[in-house]
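The opening residue of the sequence shown carries number -19 in my numbering; numbering runs sequentially from there.
We put the beta carbon where it would ideally sit given N, CA and C, even for glycine.
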Amino acid sequence: MTRLARKIAALVLAVAILATASVANAVAQETADVGGQDDATMAGRKVAVTLDDIPGVGIPASEKCDFEALARNTRNLLATLEAHSVPAVGFVTEGNLCDEIPSARLGDLLAMWLDAGMELGNHTFSHPDLNHTSPPVYKGDIVRGERALRTVLDERNQPLRWFRYPQLHAGDDASVKAEIEIFLAEHGYEIAPVTIDNQEYVFANLYAAAEEAGDDELMGRIVEAYLAHMREVVAFFEEYSVEVVGREMPQVLLLHANALNADHLGEVLFMLEDRGYEYVSLEEALSDPAYALADGYIGPRGLSWLHRWALGKGMEIRMEPREDKHVRELQQR
Ligand SMILES: [Zn+2]
C-alpha cells in the first residue's frame, strides 16, 4: 500500500468509526429517553425487597419513644408492601426500641410484620460494627437480638433463618470473617446478601429532620432527590450485574424501616415496576446460581455482593453512584 492509499484507508476507517459512534449515540439517546430500557431488557427482572432496622430507624426525634408513631409507620410500610404484593423480609434490631417503650410492645410490632405475611430476620441487638467489635461480643449481640424475634416466630412455628450484617460489614480479617460465618451456620442462620446497596439512609435522615422541623416543602424535595438516587442506583446495578454475572440475576434490594419509606415506599416500588421488576421472596432470589459465587472480599467496607463476586472473579470493581449530586442539589435550591 502506498502512503497515500494508507492515508485514504485510515480516513475511511475513521469516518466509519465516527458514523458507527454517531449511530450508537443516537440509539443510546433514544433509549435514554425511555429510561435506557426496552421490553427485551426488562423481561424477567426479579427483586427481593428487604427492610433493615425494624422496628424503626430514621424517624423524627420526637417520635422515637412514641409507640403509636412506630406502629403507624409500621402499618404504612406494611400496607404499601401488601398493596404491591411484595414478600419482604424485615431485619430486626431489637435494641432500636426506645427504653421508654415497654419491651413487650416490641413483640406487637414484630407480630404486625408476620401477620402481614412478611418474614423477619436478625440484624443483631445493638447494630455493632464488626470492624470494631470482638467476635465474642458480636456473637453475644446476635444472640441477644433473638429474644422477641424467636418468641413471635415460635408462636407461628416459623424458623429464625436470616441474618443481615449491620452496615454490611462482614469481617475485615479472614479469621474474624470465618469465625462469624461458622457461628451463624451453627445457629441455623443464612446470610442475607444485598446486591442493590444505596444511600437511602442519608435521605431518610434528612427527611426525618425536615419532618421534625415541620418543613413540608423540604420534605417534598428530599423525596424527589431520593427517588432520583434510587433510579440511578438500580440502573447502575442492572448494568453491573451483566458485567459481573453475565446477566441480570434476581436482585436483593436494601431499604430501611424509616419514616421516608413509611410515607414514600410506594413511589420506589412503582419505579421498580416501571423497569419490569417482579417481586420474589429472598429464598427465591438466593436460589439463583449467582448467589453461589465466591465472596472475594475481606476488608472493612460494606460492599454489595456484586462487588464481592467481582473481586472473587479477579475483576476490578466499579462503584455505584453516591447521593452527593442529589444532596448538593437539595442544598442549592
Ligand atoms: Zn442496619
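Rounded straight-line distance, which links the Cα of Arg281 to that of Glu212: Roughly 21 Å separates the two Cα atoms.
Near ligand 1: His167 beta-carbon under 7 Å from a heavy atom: Relative to ligand 1, His167 has its C-beta separated by 7 Å or more from all heavy atoms.
Chain-ordered residues, beta carbon under 5 Å from a heavy atom of ligand 1: Asp32, Asp33, Pro146
Span separating the alpha-carbon of Ala4 from that of Thr21: With a pLDDT of 44 at Ala4, under the threshold of 50, the modelled position of that residue is not reliable, and no figure is offered here.
Contact check, Val29 vs Ala68, beta carbons under 8 Å: yes
Same chain, Cβ closer than 8 Å to Tyr271, neighbours up to 5 away in sequence not counted: Pro173, Met229, Ala265, Trp285
Alpha carbon of Asp95 to alpha carbon of Ala274, nearest angstrom: Asp95 and Ala274: Cα-Cα distance of roughly 35 Å.
Exposure of Val117, with buried meaning 16 or more beta-carbon neighbours within 10 Å: exposed
Nearest-angstrom Cα separation, counted from Arg124 out to Met92: 21 Å
Reduced DSSP category for His260 - H, G, I as helix; E, B as strand; rest coil: A small correction: the amino acid at residue 260 is Val; His does not occupy that position in the sequence shown. Looking at Val260 - three-state DSSP - the assignment turns out to be coil, as it is neither helix nor strand.
Distance, Asp304 Cα to Ala242 Cα: 23 Å
Ser339, buried or exposed, once every other Cβ within 10 Å from all chains shown has been counted against 16: Residue numbering for the chain in the displayed model covers -19 to 313; residue 339 lies beyond these limits and cannot be assessed.
Which listed residue (Asn102, Ala237, Gly226) has its alpha carbon closest to that of Lys293: Gly226
Inter-residue spacing [alpha-carbon to alpha-carbon] between Ile297 and Phe216: Rounded to the nearest angstrom, the two C-alpha atoms are 13 Å apart.
Identity of the residues DSSP links to Val27 by a beta bridge: Gln231, Tyr259
Buried or exposed by the 16-neighbour rule on C-beta atoms within 10 Å, applied to Asp254: exposed
Through-space distance from Tyr257 to Asp196, alpha-carbon basis: 31 Å
With 16 other Cβ atoms within 10 Å as the buried cut-off, status of Pro139: exposed
Per-residue DSSP class, three states only, for Asn178: coil
Contact under 8 Å by Cβ, Ala128 with Gly87: yes
Glu80: first and last residue of the uninterrupted alpha helix (DSSP H) it sits in: Per DSSP, Glu80 belongs to no alpha helix (DSSP H) and is neither H nor E.
Assigned secondary structure, Leu100 (DSSP; H/G/I helix, E/B strand, else coil): strand
Residue span of the alpha helix (DSSP H) that contains Gly125, given as start and end: Note, Gly125: premise wrong, no alpha helix (DSSP H); not H, not E.
For Ile162 and His149, the rounded distance between their alpha carbons: The C-alpha of His149 lies about 16 Å from the C-alpha of Ile162.
Paired residues, beta bridge with Phe143 - DSSP: Asn102, Ile171
Between the CA atoms of Tyr259 and Gly168 - distance to the nearest angstrom: 25 Å
Where Gly292 falls: helix, strand or coil (DSSP): helix
Close-in-space but distant-in-sequence residues of the same chain around His64 (CB under 8 Å, 5 per side omitted): Gly246, Leu249, Glu253, Tyr259
Where the beta strand (DSSP E) containing Gly38 begins and where it ends: Segment: none, Gly38 is in no beta strand (DSSP E) and carries neither H nor E.
Glu159 versus Asp33, Ala188, Pro115, residue with shortest Cα-Cα distance: The closest CA to that of Glu159, considering only Asp33, Ala188, Pro115, is found on Pro115.
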